[in-house]
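S.K.: Please see the structure below; I have some questions.
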Amino acid sequence: MPLLSMAGIVKTFPGVRALDGVSFEVERGEVHALVGENGAGKSTLMKILAGAYSADGGSIAIDDKPVVIDGPKAAEALGIGMIYQEFNLVPDLGVIANIMLGIEPVRGIFLDDRAAAHGAATVLAELGIVLPLGRPARRLSVAQQQMIEIAKSLVRKARLIVMDEPTAALTDRETDALFALIGKLKAQGVAFVYISHRLEELPRIADRVTVIRDGRAIETRPIAAMPQDDLIRLMVGRALDAHFPQLPPVAADAPVVLDVRDLCAATHVNDVSFAVHAGEIVGLAGLVGAGRTEIVRAIAGADVPTGGTIAIGGKTVVVRDPASAIAAGIALITEDRKAQGLVLGMNVRENTTLAHLNAYTQGPFIDHKAEDDVTSREIAELRIRTPSGEQIVKNLSGGNQQKVVLAKWLIGQARVFLFDEPTRGVDVGAKAEIYVLMVELLARGAAIVMVSSELPEVLGMSHRILVVRDGAIRAEFTREQATPDKVIAVAAGVAA
Amino acid sequence: MADAGEVKAVLDARAGDVRSQQQRNLAVRVAIAVVGFAVLVGIVNVLTHGDFLTVGNITNVLRQITFNSIAAVGQTFVIITAGIDLSVGSLMGLTGVVMALFANAVPLDNGVLLVIATIVVGIAVGCAAGFINAVPVVRLGLPPFITTLAMLQIARGLAYILAHGQPVPLNSNAFAGLGTGQFLDRVPWSILVMVVIVAIFAIVLTRTRYGRYVFAIGGNEEAARLAGINVVRTKTLVYVISGGCAAVAGMLLMARFASGSPQTGTGYELQAIAAVVVGGTSLMGGRGSVIGTFFGALLIGVLNNVMNLLNIESYTQQIVLGVVILLAVVLDELRKRFFAR
């Protein structure tokens with residue numbers, strides 16, 4: 003009898019079927035690894051288990067008894083503990099207060115500090131870990147904060163703990179300590195769901211592994227029966243689909259448009275060098291957090307470069323802020339359009355001209371006619387589905403919002419386009435249109451750098467692929483050489 | 005994309021439709037507002053036995069709101085960037101004292117020159133104070149609530165020190181015209197100044213690149229920065245504008261009373277914020293208008309005036325004002341929810 007069994011779980015987001023009938027079981031005292039590409043559906047599945055999302059279909063049973071998880075409290079009551087990659091700690095509270103958050107023992111109307119300290123100390127002693135109890139959480143190391151999260155789950159009587167990328171920010175020694183702790187709890191019957199991109203660590207910690215791909219659970223096997231090659235093949239298994247347009251070959255004599263040499267930034271960009279030719283798309287592949295976004299942000303002046311040179315069309319340019327990068331002909335299409343790309347409360351017209359308002363003024367005044375003209379043109383060319391240029395962009399769909407971001411940069415004179423996750427949260431139709439647009443940019447002699455967490459997209463839409471890990475470029479493949487396995491192997495640190 | 009031209013034509017037509025639709029909506033709203041306003045004025049007029057609707061009283065109301073509405077215009081810019089300026093009341097006092105001292109100290113026989121020089125000095129002081137407000141905000145990311153609260157204290161203290169704790173009477177009567185005189189013997193100068201300032205800054209906010217950037221920063225500062233907008237300069241300037249507007253209000257107050265008093269403007273920062281908020285500007289930033297602020301100040305002024313005419317005592321007046329501010333914001337929020345999408 004499994005501890006947890008999820009059956010036929012379905013979850014649909016607008017335009018995307020995130021989970022398509024996933025079944026998943028966890029035994030008592032088992033560490034069950036859950037692997038898959040970014041966006042495969044792992045996190046969605048776990049969020050349903052933790053009560054953060056509600057499933058559209060399927061059933062969940064604990065100890066063979068059907069349960070309804072309609073919120074985080076319900077999950078907690080069922081003994082499910084969730085440790086997200088971003089911890090849920092109150093930075094200014096101490097260790098005890100964080101462990102006891104929301105379940106503080108009281109005497110009458112007053113907090114019972116002694117009981118709280120006792121409860122926290124008991125759990126920590128069981129875990130065999132020592133933490134500076136009085137110190138606020140923000141002054142503890144990542145590993146220590148993680149220990150608090152684990153203790154938090156156990157105080158709440160968790161029998162199943164979900165950990166999302168627990169080792170991503172740990173040193174080797176801290177990882178060893180974490181694994182020892184997991185082993186200890188396992189022996190006491192606590193089960194774990196272990197989500198990780200670090201495939202090489204799975205044999206050390208996991209008992210079984212389930213591969214999720216495109217919202218489906220593809221296969222579950224004991225880890226001993228799952229060689230790494232099989233794992234990678236199962237993760238990326240689909241054939242590259244034919245949704246990508248034909249990439250025109252880069253002319254043999256195409257000039258270098260963007261030349262980056264020894265670029266460094268405080269955001270963990272370490273000595274990055276590469277060149278992009280006119281009419282070429284260079285894809286930056288790598289895991290989330292590998293430093294791909296940081297590289298393009300440094301080129302675009304969103305973060306200030308601390309070293310190295312950037313040359314556009316053979317001329318070195320000084321990038322110290324976004325304005326200087328834009329003036330040099332660099333356009334950054336950011337990954338998070340709501341936080342960084344758009345002013346959501348403004349309309350399509352105002353967003354379209356925001357970065358190039360100089361060109362739409364007469365004397366000190368904005369030329370509304372010129373603004374209207376360019377906005378109508380872009381709406382037509384990019385097929386932005388909006389009632390008019392006066393529509394507030396907040397009310398547009400994700401794909402159309404993304405097109406407004408593109409319009410903002412297309413109306414300028416940029417020669418270098420840095421696309422960071424250009425199709426995230428965009429429906430299939432809009433995706434195809436964005437790809438076509440990229441090819442059109444190539445025909446105009448643009449150089450494109452594309453960051454994408456979707457491997458098929460990187461492989462299908464790049465002339466060359468650079469694999470990034472820990473803020474540096476670890477491997478380069480031509481389109482012909484690149485295979486999903488090779489790229490994943492480098493990205494996950496298994497090869498090169 | 006062969007049909008891009010057609011689509012554009014359709015869109016142009018549709019943009020025209022949308023705009024004429026918007027104009028129709030605006031016309032309807034204005035009509036409703038005018039009718040409602042007329043009815044209200046009629047009722048008030050009857051209640052006050054005809055005292056409200058006289059040229060003298062209306063002029064009086066407008067003259068009383070000049071100080072608040074001018075300070076509130078600058079405040080509007082700050083609040084649209086999601087900031088706040090608590091120092092404007094103190095700056096009215098400080099600039100009034102500085103201008104009175106300056107006017108008394110400078111040996112200029114030409115009255116017009118004296119007035120101009122004094123105003124330039126006063127505005128410079130207000131703008132400098134605004135600049136000081138802005139620096140910790142734009143450079144260190146400190147909350148404007150704190151930096152302008154500090155300036156509220158500093159400027160007030162400075163005003164008292166400079167004035168030795170006493171009002172500084174003007175020696176020259178060069179300011180009498182500005183204070184109590186009338187343009188073409190009809191419109192008080194202070195009202196004219198208010199109208200000009202409201203008009204200029206309404207145009208700056210809605211028609212210029214700078215105004216667009218103010219809205220963009222209030223709506224999404226990071227997106228604005230990544231679009232190459234000089235966020236530091238734009239934000240600094242809103243505090244400078246606010247300080248400058250406070251100085252103009254301080255100048256009018258000084259001219260009106262023929263002296264610069266260090267206690268002038270106490271509590272006016274909250275009056276100004278009330279006018280901005282009642283005028284429909286969002287404290288969350290990204291949304292608002294100078295015209296709205298003017299009508300906010302006007303509404304508060306009319307209310308005060310009517311309550312005075314009705315002999316409502318001042319404690320009750322405060323309660324009514326508080327309720328009106330709350331109602332205005334609640335109604336605005338409900339309207340937004342109702343018309344959302």
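So the protein sequences, as listed, match chains A and B.
Going by this note's numbering, the first sequence opens with residue 3, and the numbers climb by one from there.
Going by this note's numbering, the second sequence opens with residue 5, and the numbers climb by one from there.
Beta carbons: idealized from backbone N, C-alpha and C, even for Gly.
These numbers were taken from a predicted model, which means no experiment stands behind them.
(1) Going along the chain, which unbroken runs of the alpha helix (DSSP H) with 4 or more residues stay wholly within the stretch 109–196 of chain B?
(2) Identify each residue in the stretch 226–256 of chain B for which the Cβ-Cβ distance to at least one residue of chain A is less than 9 Å, and report them in chain order.
(3) Name, please, each residue of chain B whose Cβ falls closer than 9 Å to the Cβ of Val190/A.
(4) Helix, strand or coil: how does DSSP classify Leu80/A here?
(5) Taking 8 Å as the CB-CB cut-off, is Phe81/B touching chain A?
(6) Taking the alpha-carbon positions, what's the Lys13/A to Ile184/A distance?
(7) Please state whether DSSP places Arg19/A in a helix, a strand or coil.
(8) Suppose contacts are defined by Cβ-Cβ distances below 8 Å. Is Gly100/B in contact with Thr270/B by that definition?
(9) Can you give the beta carbon distance from Ala494/A to Arg200/A, rounded, assuming they're within the 8 Å contact cut?
(10) Nearest CA to the CA of Val102/B: which residue from Val172/B, Gly248/B and Glu225/B?
(11) Would you list, in chain order, the members of the stretch 205–217 of chain B that have their beta-carbon closer than 7 Å to a beta-carbon of chain A?
(12) For Met8/A, does the three-state DSSP call read helix, strand or coil?
(13) Closer than 8 Å by C-beta to Val328/B: which residues in its own chain qualify, once you throw out the five before and the five after it? Chain order, please.
(14) Please list the segments of the beta strand (DSSP E) lying wholly inside the stretch 169–198 of chain A, counting only runs of 3 or more residues, in order along the chain.
(15) Select from Ile62/A, Gln404/A and Pro4/A the residue whose C-alpha is nearest the C-alpha of Ile11/A.
(16) Taking 8 Å as the threshold (C-beta atoms), are Val244/B and Phe106/B in contact?
(17) Give a yes or no on whether the minimum CB-CB distance between Ala31/B and chain A is below 8 Å.
(18) Looking only at its own chain, which residues have a Cβ that is under 6 Å from the Cβ of Arg351/A, when we skip the five neighbours before and after it?
(19) When you compare the CB of Ile283/A with every CB in chain B, is at least one pair closer than 8 Å?
(20) Answer with buried or exposed for Arg206/A, where buried requires no fewer than 16 other C-beta atoms within 10 angstroms of its C-beta.
(21) Tell me which residues of the stretch 215–238 of chain A have at least one Cβ-Cβ distance to chain B shorter than 8 Å, keeping chain order.
(22) Using a C-beta to C-beta distance shorter than 7 Å, which residues of chain A count as neighbours of Phe342/B?
(23) Closer than 8 Å, Cβ to any Cβ of chain A: which residues of the stretch 267–295 of chain B, in chain order?
(24) So, at 6 Å on beta carbons, what are the nonlocal neighbours of Gly59/A in its own chain, with the 5 sequence-adjacent residues on each side left out?
(25) What residues of chain B sit near Thr354/A, judged by a beta carbon separation below 7 Å?
(26) On the DSSP letters alone, give me the boundaries of the alpha helix (DSSP H) that Val451/A sits inside.
(27) Excluding the five sequence neighbours on either side, which residues of its own chain have a C-beta within less than 8 Å of the C-beta of Val125/A, listed in chain order?
(28) Just to make sure I have the definition right: I need the residues of chain B whose C-beta is within less than 7 Å of the C-beta of Gly347/A. Which are they?
(29) Taking C-beta pairs closer than 7 Å, name the residues in chain B that Ile1/A reaches, listed in chain order.
(30) Using a Cβ cut-off of 9 Å, pull out every chain A residue sitting near Phe219/B, in sequence order please.
(31) Chain B partners of Leu334/A, CB-CB under 8 Å?
(32) May I have the straight-line CA-CA distance separating Gly296/B from Val24/A, to the nearest angstrom?
(33) Quick one: what does DSSP say Phe421/A is sitting in, helix, strand or coil?
(34) Nearest to Leu187/A by alpha carbon, out of Arg140/A, Val164/A, Arg116/A and Leu129/A?
(35) In chain B, which residues lie less than 9 Å from Pro250/A when you measure between Cβ atoms?
(36) Going by C-alpha to C-alpha distance, which of Ile150/A, Cys266/A and Pro4/A sits closest to Asp305/A?
M.R.: On the basis of the supplied data:
(1) Taken in chain order, the complete alpha helix (DSSP H) segments of 4 or more residues contained in the stretch 109–196 of chain B are 115–144, 148–166 and 180–184.
(2) Listed by position along the chain: Glu226, Ala227, Ala228, Arg229, Leu230, Ala231, Gly232, Ile233 and Asn234.
(3) One detail in the question is off: residue 190/A reads as Gln in this sequence, not Val. Chain B residues near Gln190/A: none, gap ~46 Å exceeds 9 Å.
(4) coil
(5) No, because no Cβ of chain A sits closer than 8 Å to the Cβ of Phe81/B.
(6) 30 Å
(7) strand
(8) Using a Cβ distance threshold of 8 Å, Gly100/B and Thr270/B do not count as a contacting pair.
(9) The Cβ separation is near 6 Å, so the contact holds.
(10) Val172/B
(11) Arg211, Thr212, Arg213 and Arg216
(12) strand
(13) Residues Val282, Leu303, Ile304 and Leu307 of the same chain have their beta carbon placed closer than 8 Å to that of Val328/B, with the five preceding and five following residues left out of the count.
(14) Runs found: 193–197.
(15) Ile62/A
(16) For Phe106/B and Val244/B, no; Cβs fall outside 8 Å.
(17) no
(18) Within the same chain, Cβ atoms closer than 6 Å to the Cβ of Arg351/A are found at Glu373, Thr377 and Gly391, the five residues on either side in sequence being excluded.
(19) No, Ile283/A does not count as interfacial toward chain B.
(20) Classification for Arg206/A: exposed.
(21) Going along the stretch 215–238 of chain A in chain order, one finds no residue with a Cβ nearer than 8 Å to chain B.
(22) Here the premise fails: no neighbours, minimum Cβ distance about 15 Å.
(23) Gly290 and Arg291
(24) Val12
(25) Simply none; closest approach about 11 Å.
(26) Counting along the chain, Val451/A falls outside any alpha helix (DSSP H), though it belongs to the beta strand (DSSP E) covering Ala449 to Val453.
(27) The residues are Ile101, Ala153, Leu156 and Val157.
(28) Gly223, Gly290 and Arg291
(29) The requested residue 1/A is not part of the displayed model; chain A covers only 3 to 498.
(30) Val345, Gly347, Met348 and Glu352
(31) Leu230
(32) 55 Å
(33) Here Phe421/A sits in strand by DSSP.
(34) The shortest CA-to-CA distance from Leu187/A to any of Arg140/A, Val164/A, Arg116/A and Leu129/A is the one to Leu129/A.
(35) Around Pro250/A, no beta-carbon contact reaches into chain B at under 9 Å, the shortest distance being about 18 Å.
(36) Cys266/A
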